[in-house]
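Chemist:
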Amino acid sequence: MVKNKLSFEILLLLAVFTIATCGLIYELVAGTLASYLLGDSVKQFSFIIGVYLFSMGIGSYFSKFIRRNLLNTFVEIELLVGLVGGLSSVILFVLFENVGYFQFILYLLVFVTGCLVGLEIPLLMNILKDRVKFRDLVSNVFTFDYIGALLASILFPLVLVPQLGIMRTSLFFGMINTAIALIVCIALKKELKRQPLLLFKAAFCMVVLIIVFIFSEKILSYSESKLYGENIIYTHSTPYQRIVLTHNKNDYRLYLNNNLQFSSADEYRYHEALVHPAMTSAKKAENILVMGGGDGLAVREILKYPEVKHITLVDLDEGMTRLFKENTVLTGFNKNALNNPKVSVINADAYVWARECKQQFDVVIIDFPDPGNYSLGKLYSLSFYNTLQHILSPDAVVVIQTTSPYFAPKSFWCINKTVQQALPKTDAYHIYVPSFGEWGYTIAAKNPATDFKSVKRKANEKLRFYEYDFTRLNTFSKDMVAADVEINRLDNQILVRYFDEEWGKIQ
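Note that the sequence shown ends on residue 507 in full-length UniProt numbering; no numbers are left out.
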């Protein structure tokens with residue numbers, strides 16, 4: 001009897017652990033998909049966490065009205081959690097381009113999943129209350145709950161998304177939920193009423209999830225083809241982003257988390273404008289640093305200067321830099337730049353790396369993704385620009401991609417104003433890139449005597465866009481100016497709010 005009692009307790013505590021792990025995974029999947037498909041990652045994650053926690057509270061409240069057949073009800077709820085949570089990513093991917101009320105479905109799925117998870121913990125405590133001392137019961141249940149949540153938060157970015165992808169991750173954990181229900185059905189058959197029916201339901205749910213898991217790649221390919229409207233030739237998920245390469249006639253396009261990174265038809269405009277004003281105006285151009293730019297396209301432009309002795313590329317995502325080292329289509333775009341003996345690739349957080357770096361550089365090219373969340377916003381902060389000071393040579397020139405002065409003028413001038421606080425000589429310029437529209441840059445120098453209009457050297461091959469005339473890019477019309485902006489500091493991250501506000505009106 002003691003052994004059976006102990007087995008009963010352990011089995012249900014294992015269920016608690018699974019509930020916590022799977023519940024958090026479903027929340028992370030929803031948040032990641034929301035930011036991936038809708039943008040506004042900070043806002044979407046915040047709303048999803050709020051809705052999920054609120055719905056768990058609703059579920060916990062209604063659990064008090066369940067008084068009979070508690071174990072049977074628990075098994076059925078476990079199956080529902082597995083089915084709804086497991087299929088949630090599939091539903092969201094498929095419906096994104098096909099319905100006009102996508103956000104309603106997104107938050108409905110989060111709400112339903114949260115309610116079901118919220119029901120389960122009180123149910124388990126009621127099931128165990130006559131078998132375990134209350135003090136031990138509360139301690140054990142919440143210990144397993146919190147450990148499960150910790151495990152999920154570690155596994156999701158480091159293992160699950162890179163290995164399985166978002167869709168298969170939710171399906172996999174749906175199968176885990178269902179497997180726990182199956183184990184309970186088999187191990188506690190004497191405790192259950194209508195056990196054969198429950199067993200059939202569990203088996204049915206498992207078969208559905210397995211079939212969808214098997215065909216998940218085809219479902220994802222279908223949904224992404226609808227999303228991009230182009231021929232997808234490569235997809236890959238890294239711990240940091242979803243990489244999609246498309247091909248349409250003579251145009252290749254790279255998307256990171258659904259955001260266009262470049263179009264092969266016009267990327268030369270963006271990268272020539274990013275690199276050459278700094279390279280031509282710097283007093284020396286021997287030791288160059290590129291931060292971001294894992295596609296190697298900025299490095300390609302830098303290598304056009306024979307004076308360059310060494311280029312250090314710092315990019316967080318090893319999956320990205322490896323792709324642009326090995327994929328034959330992409331190495332064709334960057335002219336195999338990342339495999340050049342002059343180039344060293346370092347996969348690290350640029351913020352941490354810059355703080356620890358002991359070298360100094362003549363030119364620094366900063367090509368980070370737009371500041372759509374706080375982890376990226378810190379790379380545009382006053383703290384980061386102050387950190388750069390010790391790695392700049394006395395006459396160093398820095399250039400930063402600064403988003404669009406037309407679509408996001410407050411964001412653009414916020415970055416410019418922040419750089420002004422760190423470096424004594426600062427200017428701004430912009431160009432037109434057909435794939436993006438008007439796009440802007442901030443250029444700065446450690447030496448206030450630096451003249452950005454001067455041309456101290458030229459590339460060893462003819463450029464397609466830049467004509468070594470900085471003044472042509474240096475004029476802004478009234479609709480690209482925003483005067484009343486704050487400095488972006490680590491403790492306010494005002495830039496992320498500007499960015500969400502301005503781009504949210506367009507997307």
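Positions of the beta carbon are idealized from the N, C-alpha and C atoms, including for glycine.
This structure is a prediction, so every number in the text was calculated from the model and none was measured.
So who's on the other strand from Val290, going by DSSP bridges?
Modeler: Leu313, Ile365
Chemist: Quick one: what's got a C-beta closer than 6 Å to Asp295's C-beta in the same chain, skipping five residues either side?
Modeler: Phe324
Chemist: Decide if Asn373 is buried, meaning its Cβ has at least 16 other Cβ atoms within 10 Å, or exposed.
Modeler: Counting every other CB atom within 10 Å of its CB across the protein chains shown gives Asn373 a total of 16 or more, marking it as buried.
Chemist: Using only the alpha-carbon positions, how far apart do Thr143 and Tyr61 sit?
Modeler: 21 Å
Chemist: So, is the C-beta of Ser344 closer than 9 Å to a C-beta in chain D?
Modeler: This model lacks chain D altogether; it includes just one protein chain.
Chemist: Along the chain, which unbroken stretches of the alpha helix (DSSP H) at least 4 residues long are found entirely within the region 360-445?
Modeler: 374-377, 382-388, 409-422
Chemist: In the DSSP assignment, what residue or residues form a beta bridge with Arg242?
Modeler: Ser237
Chemist: Which of the three DSSP states is assigned to Tyr463 in this structure?
Modeler: According to the sequence provided, residue 463 is Leu. The question's Tyr does not apply to it. Leu463: coil per DSSP, three-state reduction.
Chemist: For a quick check, are the C-beta atoms of Val399 and Ala278 less than 9 Å apart?
Modeler: yes
Chemist: How long is the line joining the alpha carbons of Thr235 and Asn126, rounded to whole angstroms?
Modeler: 47 Å
Chemist: Helix, strand or coil: how does DSSP classify Tyr101 here?
Modeler: Under the three-state reduction of DSSP output, Tyr101 falls in the coil class, being neither helix nor strand.
Chemist: Compute the Euclidean distance between the alpha carbons of Trp413 and Ile487, then round it to the nearest angstrom.
Modeler: 9 Å
Chemist: Does Gln261 come out as helix, strand or coil in the three-state DSSP assignment?
Modeler: strand
Chemist: Where do the ends of the beta strand (DSSP E) carrying Ile346 lie?
Modeler: 343-346
Chemist: Taking all protein chains shown into account, do 16 or more other C-beta atoms lie within 10 angstroms of the C-beta of Leu150, making it buried, or fewer, making it exposed?
Modeler: Label assigned to Leu150: exposed.
Chemist: Helix, strand or coil for Leu171? Go by DSSP, reduced to three states.
Modeler: Leu171 falls in the helix class under three-state DSSP.
Chemist: Using a Cβ-Cβ cut-off of 8 Å (strictly less than) and excluding sequence neighbours within five positions of Ile210, which residues of its own chain qualify?
Modeler: The residues are Met175.
Chemist: I need the DSSP call for Arg253, collapsed to helix, strand or coil.
Modeler: Strand.
Chemist: For Met291 and Phe204, which I take to be in contact (beta-carbon distance under 8 Å), what is that distance rounded to the nearest angstrom?
Modeler: That pair is no contact at about 52 Å.
Chemist: So what does DSSP say about Lys5, is it helix, strand or coil?
Modeler: Summary for Lys5: the model assigns pLDDT 49, below 50, so the residue's position carries little reliability, and this model does not support an answer.
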